[in-house]
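Notes follow once the structure below has been shown.
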Amino acid sequence: MEQKQAIISKINRSKKGTIFLPDSFMPIDTRHAANVLAELAKVGKLVRVAFGIYVKPVMSSFGPVMPTPYEIAEAVAKRDDAKLLPHGTTAENYLGFSTQVPMNIIYLTSGTSRKLKIGNRIITLKHRVPSTFAYKGKIMPVLVLALQSIGQSNITDETLDVVYGVLKKNPEESTWQEDIAHAPNWIRLIIMNTKAKIYGYEQMD
Numbered sequence: 176m177e178q179k180q181a182i183i184s185k186i187n188r189s190k191k192g193t194i195f196l197p198d199s200f201m202p203i204d205t206r207h208a209a210n211v212l213a214e215l216a217k218v219g220k221l222v223r224v225a226f227g228i229y230v231k232p233v234m235s236s237f238g239p240v241m242p243t244p245y246e247i248a249e250a251v252a253k254r255d256d257a258k259l260l261p262h263g264t265t266a267e268n269y270l271g272f273s274t275q276v277p278m279n280i281i282y283l284t285s286g287t288s289r290k291l292k293i294g295n296r297i298i299t300l301k302h303r304v305p306s307t308f309a310y311k312g313k314i315m316p317v318l319v320l321a322l323q324s325i326g327q328s329n330i331t332d333e334t335l336d337v338v339y340g341v342l343k344k345n346p347e348e349s350t351w352q353e354d355i356a357h358a359p360n361w362i363r364l365i366i367m368n369t370k371a372k373i374y375g376y377e378q379m380d
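Numbering-wise (my numbering), the sequence shown opens with residue 176 and increments by one.
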């Protein structure tokens, strides 16, 4: 009973929109925590997002506002003490190259590979080696993955406009020069020329 009350108290103190997993209440046994979370979902205090994942809902006139796929994946990664990067069309959507949210959402993780079913969407976490996460900045690796997904032959002026906007908003001055060393040559050239355009330097061929 004390453990159940401890779980309820933590949830009561949390902000609306907070995501909970059975592991969120350590050192309380995860099986016991899972049962309590399920009970609270039945009475409407929490909303079940996916198997073993719950949220303290933010309510709107249309009902509970569900967490974004990235927030859900981030909660799982945090539990696993893992790093996370949006991949493919997910990276494109994350940075604004595409406005369409993909049905199958993919993240690269330093943790365990898994799939999460969220309504009619699937969030796929794919394990990758540590070198995938060698970047110092937060935006640069996502930008590189997005451009790789688009492909060199599909780069347009509109694509470059988005790159300009991303780099102008997220300059990452202390890390970008080191980070582009991890990018393919053609992406490195795009980034360097965009940086030159932002700061009025001479562009490279």
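Cβ atoms here follow ideal geometry from the backbone N, Cα and C, with glycine treated the same way. Here the structure is a predicted model, which is why all the values come from computation and not from measurement.
Check                                                                                                                                                   : Outcome
How is R303 classed by DSSP in three states: helix, strand or coil?                                                                                     : coil
Taking V211 and I182 to be in contact with their CB atoms under 8 angstroms, please state how far apart those CB atoms are, rounded to whole angstroms. : 5 angstroms
What residue does the alpha helix (DSSP H) around G340 start on, and which one ends it?                                                                 : 332 to 344
Report the rounded CA-to-CA distance for M201 versus V233, giving the unit in angstroms.                                                                : 25 angstroms
Are the CB atoms of S349 and K311 nearer to each other than 9 angstroms?                                                                                : yes
Taking only beta-carbon positions, decide if P261 is within less than 9 angstroms of chain C.                                                           : Absence of chain C from the displayed structure is noted, only one protein chain being present.
Just reading off the beta strand (DSSP E) that L259 is part of, what are its end residues?                                                              : 259 to 261
In angstroms, rounded to a whole number, what distance separates the CA positions of T369 and L215?                                                     : 51 angstroms
Buried or exposed for G263, going by 16 or more other Cβ atoms inside 10 Å?                                                                             : buried
Between which two residues does the alpha helix (DSSP H) carrying V211 extend?                                                                          : 205 to 217
Where does T287 sit, in a helix, a strand or coil, going by DSSP?                                                                                       : coil
Smallest Cα separation from D289: which of I325, I247, A266, L270?                                                                                      : Per the sequence presented here, residue 289 reads as Arg, with Asp not at that position. Of the candidates I325, I247, A266, L270, the one whose C-alpha sits nearest the C-alpha of R289 is I247.
At what residues does the beta strand (DSSP E) containing S235 begin and finish?                                                                        : 233 to 235
From which residue to which residue does the beta strand (DSSP E) around A225 run?                                                                      : 222 to 225
With distances taken Cα to Cα, identify the nearest neighbour of G375 among Y339, E347, Q352.                                                           : Y339
I'd like to confirm the pairing. Which residues does DSSP put opposite V230 in its beta bridges?                                                        : I194, V222
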